[in-house]
Each structure stands twice: as C-alpha cells, then as structure tokens.
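Since the structure comes first, as structure tokens, the remarks are kept for the end.
Numbering (my numbering), first residue to last: 16 to 100.
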C-alpha cells in the first residue's frame with residue numbers, strides 16, 4: 016500500500032514501512048528529463064502531467080467544470096440573454 020502526503024512541496028511516500036522524502040521538484044525534473052530522452056512532445060508531456068494531477072485529485076474536474084458553467088451563466092445573465100430563477 017502506498018500513501019502520499021502532499022503537504023508543503025515534498026512528498027512523503029510510505030511503502031512497506033519505509034519512509035522516503037522526495038522533493039516534488041526532483042520528481043518533476045526527472046519526468047521532464049525522461050520525456051526529453053523519449054522525445055515526447057511538449058504538448059503531450061503537459062497533457063499527461065495535467066491528467067496525472069487531475070487523477071490525483073478526485074472531484075477537481077467537476078469543481079472546475081461547475082466554476083466554468085457558473086461563470087458562463089453569470090456572463091449570459093449580465094447580457095440579459097438568460098433570466099434569473
């Protein structure tokens with residue numbers, strides 16, 4: 016079982032009773048270097064990183080979609096295109 020604490024800018028991973036301190040920056044540097052070696056396009060790297068971040072935060076996608084919808088409705092209401100309930 017793997018558990019991660021994302022407080023501050025480091026991750027504490029506990030695997031089989033061993034605790035490891037890993038700098039988030041080090042992990043990102045390693046991922047970026049690996050993507051260069053594998054000749055991954057920047058857009059693909061960024062899309063994959065974003066997807067991993069979203070997967071790690073259940074409910075965030077829905078929260079962002081709700082905010083976007085609310086902003087759009089507010090914009091339409093301000094223009095008088097949509098009435099208020």
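Think of the CB as a built atom: it goes at the ideal place given N, C-alpha and C, for glycine as much as any other residue.
Because the structure is a prediction, the values reported are computed rather than measured.
Residue span of the alpha helix (DSSP H) that contains residue i, given as start and end
i          : result
residue 82 : 75-93
residue 71 : 57-71
residue 97 : From DSSP, residue 97 is part of no alpha helix (DSSP H); its letter is neither H nor E.
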